[in-house]
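Novice: Handing you a structure now.
Numbering (our numbering), first residue to last: 702 to 811.
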């Protein structure tokens, strides 16, 4: 139910050759830029005419995410939090490696 391009799929369009789903705006833009292939699996798409709206999928998304804007905001905040954790983990790893190198070289921790 997530678009490989943007996240939650809104105003769904389906690539008929492979049945992957995308936001209408995203897949139309990709096709206008000359990418006549599915962004998910690279299956060739003849043209934008091979894309089909999928109102049943849109209804399913509306049922699962009644307040989709709020959900997307929460996901964005979570992603920022995870990015910060990843950055801090890298800093701590760097500090630990530097400290170990200093300890081994006899200069102590700095």
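C-beta atoms are modelled at their ideal positions from N, C-alpha and C, and glycine is treated no differently.
Say whether the segment 735-742 touches the segment 717-725, bearing in mind that this needs 3 or more beta-carbon pairs closer than 8 Å, one atom from each stretch.
Specialist: As far as the Cβ criterion goes, the segment 735-742 touches the segment 717-725, which means the pair count is three or higher.
Novice: From the DSSP output, which residues share a beta bridge with residue 745?
Specialist: In the chain shown, counting from the first residue as 1, residue 745 sits at position 44. For residue 745, which the question treats as bridged, DSSP gives the partners 738.
Novice: Looking only at its own chain, which residues have a Cβ that is under 6 Å from the Cβ of residue 812, when we skip the five neighbours before and after it?
Specialist: Nothing can be reported for residue 812: it is not among the residues displayed for the chain, which extend from 702 to 811.
Novice: Could you compute how far the alpha carbon of residue 728 sits from the alpha carbon of residue 796?
Specialist: Position 27 of the chain shown holds residue 728. Position 95 of the chain shown holds residue 796. Spanning the two alpha carbons is a distance of roughly 44 Å.
Novice: In whole angstroms, what separates the C-alpha of residue 778 from that of residue 766?
Specialist: In the chain shown, residue 778 corresponds to position 77, counting from 1. In the chain shown, residue 766 corresponds to position 65, counting from 1. Looking at the two C-alpha atoms, the distance is approximately 17 Å.
Novice: So for residue 784, helix, strand or coil by DSSP?
Specialist: For this step, residue 784 is matched to residue 83 along the chain shown. Three-state result, residue 784: helix.
Novice: In the DSSP assignment, find the unbroken alpha helix (DSSP H) run with residue 754 in it and report its ends.
Specialist: Here residue 754 refers to the residue found at position 53 when the chain shown is read from its first residue. Counting along the chain, residue 754 falls outside any alpha helix (DSSP H), though it belongs to the beta strand (DSSP E) covering 752-754.
Novice: Report all residues from its chain with a CB closer than 6 Å to the CB of residue 701; omit the five preceding and five following residues, and keep chain order.
Specialist: Because the chain spans 702 through 811 in this model, residue 701 falls outside it and cannot be assessed.
Novice: Rounded to a whole number of angstroms, what is the C-alpha to C-alpha distance between residue 724 and residue 711?
Specialist: Residue numbering aside, residue 724 sits at position 23 when the chain shown is read from its first letter. Residue numbering aside, residue 711 sits at position 10 when the chain shown is read from its first letter. Going from the Cα of residue 724 to the Cα of residue 711 covers about 5 Å.
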